[in-house]
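Heads up: the structure comes next, in structure tokens.
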Amino acid sequence: MGRNTNYARNMLLNDFDSDDDFEIIALLALEEERLERERASTSDCGFVPGYRFIQPDHEQGHQRLFQDYFAESLVYPPNIFRRRFRMSHYLFLRIKSNLEEKDEYFVQKGNATGVLGLSSVQKMTAALRMLAYGVAADFTDEYVRIGESTVIESLKKFVEAIVDIYSTKYLRSSNSNDIARLLRVGERRGFPRMLGGIDCMH
1 MGRNTNYARN MLLNDFDSDD DFEIIALLAL EEERLERERA STSDCGFVPG YRFIQPDHEQ
61 GHQRLFQDYF AESLVYPPNI FRRRFRMSHY LFLRIKSNLE EKDEYFVQKG NATGVLGLSS
121 VQKMTAALRM LAYGVAADFT DEYVRIGEST VIESLKKFVE AIVDIYSTKY LRSSNSNDIA
181 RLLRVGERRG FPRMLGGIDC MH
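Shown next, in the form of structure tokens:
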């Protein structure tokens, strides 16, 4: 029993004199001891005291994603993929390939026992769901089978890799060719000599 439990028991013992009172106190103390043992036994498995470790089935998460979006007979058609991932299937696979080339973190590896870890599709999906929907890190666990800390790590590595890979092409200042092209597009849409107007007034 904990120190607080002993203190409370001693205080109660001093206040009650009858055998019935003593019996009730003894039963309460036994129940408290049983609860403490139960809490201790469930906390042995986890990394945080009081929490149980849940073994995620990474393979099941990958298979579910693959069947839903990447298999020959997919569950969800391309328009749903685009809506959920905020990009086309082709673009997703191109980014996946670039990420695997840039950072080994996104390459699926096995552990010492040969069990495969998380796939690049799982890590990308978790990161994109956080970015696209603003969901919490632990929200992706049910479907993708990826833990909260790994989701956060995947998101950080995803963003860093995307900036490294694509910043020189897509995150740069416009040059004269870009400006000319954008002015032509604006003119075709009925906004001549308009570049970057956000109030739609000219």
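Going by UniProt numbering, the residue at position 127 of the sequence shown is 127; the numbering climbs one at a time, nothing skipped.
Idealized CB from N, CA, C, for every residue including glycine.
Buried versus exposed call for Arg-34 [16 or more other C-beta atoms within 10 Å across all chains shown]: By 1-based counting over the sequence shown, the position of residue 34 is 34. Burial state of Arg-34 is exposed, judged by a 10 Å Cβ sphere holding fewer than 16 other Cβ atoms.
Helix, strand or coil for Leu-116? Go by DSSP, reduced to three states. For this step, residue 116 is matched to residue 116 along the sequence shown. If DSSP states are grouped into helix, strand and coil, Leu-116 belongs with the strands.
With DSSP as the reference, label Gly-110 as helix, strand or coil. Working through the sequence shown from its first residue, we reach residue 110 at position 110. Strand, per DSSP.
Among Tyr-76, Val-163, Leu-155, Gly-190, which residue has its Cα nearest to the Cα of Leu-131? Position 131 of the sequence shown holds residue 131. The shortest CA-to-CA distance from Leu-131 to any of Tyr-76, Val-163, Leu-155, Gly-190 is the one to Leu-155.
Using 8 Å as the threshold, is the C-beta distance between Val-151 and Thr-168 below it? Counting from 1 along the sequence shown, the entry for residue 151 is found at position 151. Counting from 1 along the sequence shown, the entry for residue 168 is found at position 168. Contact flag unset, no.
Pick helix, strand or coil for Gly-186, following the three-state DSSP scheme. Your numbering for residue 186 matches position 186 in the sequence shown. In the structure shown, the three-state DSSP call for Gly-186 is helix.
Taking buried to mean at least 16 other C-beta atoms within 10 Å of its own C-beta, is Arg-188 buried or exposed? The count along the sequence shown starts at 1 and reaches residue 188 at position 188. Using a 10 angstroms sphere on the CB of Arg-188, the tally of other CB atoms stays under 16, which defines it as exposed.
Drop a sphere of 10 angstroms on the beta-carbon of Gly-114, count the other beta-carbons inside from all chains shown, and report buried for 16 or more, exposed for fewer. Locating residue 114 in the sequence shown gives position 114, where the first residue counts as 1. So Gly-114 counts as exposed.
For the segment 58-67 and the segment 142-150, state whether three or more C-beta atom pairs, one from each stretch, are separated by less than 8 Å. Yes, the segment 58-67 touches the segment 142-150.
Taking the C-alpha atoms as reference points, what is the distance between Ala-136 and Leu-30? Locating residue 136 in the sequence shown gives position 136, where the first residue counts as 1. Locating residue 30 in the sequence shown gives position 30, where the first residue counts as 1. Taking the straight line from one Cα to the other gives about 41 Å.
Locate the alpha helix (DSSP H) running through Asp-138, then write down its first and last residues. Numbered from its first residue, the sequence shown carries residue 138 at position 138. No alpha helix (DSSP H) contains Asp-138, which DSSP labels as neither H nor E.
Which residues mark the beginning and the end of the alpha helix (DSSP H) in which Asn-98 is found? Walking along the sequence shown from the start, residue 98 turns up at place 98. Annotation: the continuous alpha helix (DSSP H) that includes Asn-98 extends over 89-102.
With 16 other Cβ atoms within 10 Å as the buried cut-off, status of Ile-95: Within the sequence shown, numbered from 1, the residue matching residue 95 stands at position 95. The residue is buried, with at least 16 neighbouring Cβ atoms inside 10 Å.
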